[in-house]
Amino acid sequence: MSRTAATRRRPAGADTSLGRGLEILLALGRPDAAENGGAGVVRIAERVGREKTQVSRALRTLAEYGFVDRDPKTLDYRLGWRLFALAAQTGRQRMLAEARPVCEELVARLGETAHLSVLDGAEVVTLMSKLSPSAVLASDGTGRRTPAYCTASGRALLLEHGEAELAALLGGGRLPAQGPQAPRSVAELWRRIEAARETGFALTDEEYEAGLVSVAAPVRDFRGEIVAALNVSGPKFRSGRKLETSGATVRDAADQLSRRLGWGSDPA
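Residue numbering for the sequence shown follows the numbering used here, beginning at 39 and increasing consecutively.
Okay, structure coming up:
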């Protein structure tokens, strides 16, 4: 084992079975291990400063629980499916926690209902809604599914899709009739997405239903990938004239939430 690994200061609990397992997971999560498709027992033992037999036993236990996988050809270990499932669940929980104050601030500033949504196939699923205090308001949409092609949230979530990807997702024919101003073809939707790219936010005016306007912006994770959309919607008679200003406000709020999720931060 290397002198550096063997003599470095270990955290409390490092010499327990749990501590050894966590050290191994951290070693397998390093960029060099990920780029090489994993690492063998000897390499992991060197990295964590442990005896090979200790590391081998710990890896077998981690594999039984799905936290590591072993390549049947190279016999190298890599992070397993269960760890990624937990990470996805944790990421969703963190996003909801971080989004709550951002949505509340949007409602306070714009006076309209704010939503946090994600993409599921060709549909948008609303994870959270913060209601407008106004008497006439957009209803709580938590759990609601809506078409992606005619909603501002859907357009924000599709912002980086190419035209061919949109056609594969939505089909090559005419899009179903929804609101009076909804796009009726993938080509028309593509043009509207291109316009949204220019501003960083998407606007819809009576596309989902008559009398409803909406603006949304994409939320990105630490990798820079679009993982959600922030959306503000309300009745056209009250919100229609301020959409452009609202768009910039929603975009800034989405960027704020993205930074809370690690976007733009220094990976070091």
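By construction, the Cβ of each residue, glycine as well, lies at the ideal position given by its N, Cα and C atoms. Please read these numbers as outputs of a predicted model, since none were measured by experiment.
Exercise. Hey, quick one: how far does the beta strand (DSSP E) through residue 161 stretch, first residue to last?
Worked result: Here residue 161 corresponds to residue number 123 of the sequence shown, with the count starting at 1. Where residue 161 is concerned, the enclosing beta strand (DSSP E) stretches over 161–168.
Exercise. To which residues does DSSP link residue 252 through a beta bridge?
Worked result: Your numbering for residue 252 matches position 214 in the sequence shown. The bridge partners DSSP lists for residue 252 are 242 and 271.
Exercise. For residue 164, is the classification buried or exposed, using 16 other Cβ atoms within 10 angstroms of its Cβ as the cut-off for buried?
Worked result: Counted from its first residue, the sequence shown places residue 164 at position 126. Counting Cβ neighbours within 10 Å, residue 164 comes out buried, since at least 16 surround it.
Exercise. Can you give the beta carbon distance from residue 167 to residue 254, rounded, assuming they're within the 8 Å contact cut?
Worked result: Along the sequence shown, one-based indexing puts residue 167 at 129. Along the sequence shown, one-based indexing puts residue 254 at 216. Incorrect: roughly 13 Å between the Cβ atoms, too far for contact.
Problem set entry | First and last residue of the uninterrupted beta strand (DSSP E) at residue 157 | The residue given as residue 157 occupies position 119 in the sequence shown. Secondary structure note for residue 157: its beta strand (DSSP E) is the uninterrupted segment 151–158.
Exercise. Nearest-angstrom Cα distance between residue 293 and residue 134?
Worked result: Taking the first residue of the sequence shown as 1, we reach residue 293 at position 255. Taking the first residue of the sequence shown as 1, we reach residue 134 at position 96. Residue 293 and residue 134: Cα-Cα distance of roughly 15 Å.
Exercise. I think residue 136 touches residue 295, with their Cβ atoms under 8 Å apart; what is that distance to the nearest whole Å?
Worked result: As a working mapping, residue 136 is identified with position 98 in the sequence shown. As a working mapping, residue 295 is identified with position 257 in the sequence shown. 6 Å between Cβ atoms; contact.
For this session: Could you tell me which of 205, 139, 270 and 103 sits nearest to residue 225, measuring between CA atoms?
Result: Translated into positions along the sequence shown, residue 225 becomes position 187. Distances from the alpha-carbon of residue 225 to those of 205, 139, 270 and 103 put 205 closest.
Exercise. Going along the chain, which residues of its own chain have a beta-carbon closer than 6 Å to the beta-carbon of residue 245, five neighbours each way excluded?
Worked result: Walking along the sequence shown from the start, residue 245 turns up at place 207. The answer, listed in chain order, is 188, 217, 219 and 220.
Exercise. Under 9 Å, do residue 113 and residue 63 count as touching if we go by C-beta distance?
Worked result: By 1-based counting over the sequence shown, the position of residue 113 is 75. By 1-based counting over the sequence shown, the position of residue 63 is 25. No, the pair does not count as a contact, with Cβ atoms beyond the cut-off.
Problem set entry | residue 91 in three-state terms, based on DSSP | For the purposes of this step, residue 91 is taken as residue 53 along the sequence shown, with counting starting at 1. Residue 91 falls in the helix class under three-state DSSP.
For this session: Give the secondary structure of residue 56 by DSSP, where H, G and I count as helix, E and B as strand, and everything else as coil.
Result: The residue you call residue 56 lines up with position 18 of the sequence shown. Note: residue 56 maps to helix in three-state DSSP.
Exercise. Is the distance from the Cβ of residue 185 to the Cβ of residue 139 below 9 Å?
Worked result: Position 147 of the sequence shown holds residue 185. Position 101 of the sequence shown holds residue 139. Going by C-beta atoms, residue 185 is not nearer than 9 Å to residue 139.
Exercise. Per DSSP, what kind of secondary structure is residue 183 in: helix, strand or coil?
Worked result: Taking the sequence shown and counting its residues from 1, one reaches residue 183 at position 145. Three-state result, residue 183: strand.
Exercise. So the beta strand (DSSP E) residue 259 belongs to, where does it begin and stop?
Worked result: As a working note, residue 259 is residue 221 in the sequence shown. Where residue 259 is concerned, there is no enclosing beta strand (DSSP E), given that its DSSP letter is neither H nor E.
Exercise. Going by Cα to Cα distance, which pick from 235, 181, 273 and 266 is closest to residue 247?
Worked result: The residue labelled residue 247 in the question sits at position 209 within the sequence shown. Ranked by how close their Cα comes to the Cα of residue 247, the residues 235, 181, 273 and 266 have 273 in first place.
For this session: To the nearest angstrom, report how far apart residue 159 and residue 297 are at their CA atoms.
Result: Residue numbering aside, residue 159 sits at position 121 when the sequence shown is read from its first letter. Residue numbering aside, residue 297 sits at position 259 when the sequence shown is read from its first letter. Going from the Cα of residue 159 to the Cα of residue 297 covers about 26 Å.
For this session: Drop a sphere of 10 angstroms on the beta-carbon of residue 302, count the other beta-carbons inside from all chains shown, and report buried for 16 or more, exposed for fewer.
Result: For this step, residue 302 is matched to residue 264 along the sequence shown. Classification for residue 302: exposed.
Exercise. Cα-Cα, which of 256, 153, 111 and 227 is closest to residue 183?
Worked result: As a first step, residue 183 is located in the sequence shown; it is residue number 145 there, counting from the start. Comparing Cα-Cα distances from residue 183 to each of 256, 153, 111 and 227, the minimum goes to 153.
Exercise. Secondary structure at residue 135, three-state DSSP: helix, strand or coil?
Worked result: As a working note, residue 135 is residue 97 in the sequence shown. If DSSP states are grouped into helix, strand and coil, residue 135 belongs with the helices.
Exercise. For the putative contact between residue 169 and residue 270, defined by C-beta atoms under 8 Å, what is the C-beta separation to the nearest angstrom?
Worked result: Here residue 169 refers to the residue found at position 131 of the sequence shown. Here residue 270 refers to the residue found at position 232 of the sequence shown. With a contact defined as Cβ atoms closer than 8 Å, residue 169 and residue 270 miss out at about 12 Å.
Exercise. Would residue 101 pass as a contact of residue 107 if the rule is Cβ separation under 9 Å?
Worked result: Here residue 101 is taken as the residue at index 63 of the sequence shown, counted from 1. Here residue 107 is taken as the residue at index 69 of the sequence shown, counted from 1. Cβ distance < 9 Å, so residue 101 and residue 107 count as in contact.
For this session: Quick one: using the 10 Å Cβ neighbour count with 16 as the cut-off for buried, is residue 200 buried or exposed?
Result: Position 162 of the sequence shown, counted from the start, is the residue given in the question as residue 200. Within 10 angstroms of the beta-carbon of residue 200 lie fewer than 16 other beta-carbons, which makes it exposed.
Problem set entry | Status (buried if at least 16 other CB within 10 Å, exposed otherwise) for residue 105 | What you label residue 105 is simply residue 67 of the sequence shown in a count that begins at 1. Residue 105 is buried by the Cβ-count criterion.
Problem set entry | residue 148 vs residue 252 beta-carbon contact at 9 Å | For the purposes of this step, residue 148 is taken as the residue at position 110 of the sequence shown. For the purposes of this step, residue 252 is taken as the residue at position 214 of the sequence shown. At a Cβ-Cβ threshold of 9 Å, residue 148 and residue 252 do not count as neighbours.
Exercise. Nearest to residue 161 by alpha carbon, out of 150, 181 and 146?
Worked result: The residue given as residue 161 occupies position 123 in the sequence shown. Nearest to residue 161 by alpha-carbon distance, out of 150, 181 and 146, is 181.
For this session: Starting from residue 106, follow its DSSP beta bridges and name the residues at the other end.
Result: The count along the sequence shown starts at 1 and reaches residue 106 at position 68. Bridge partners of residue 106: 117.
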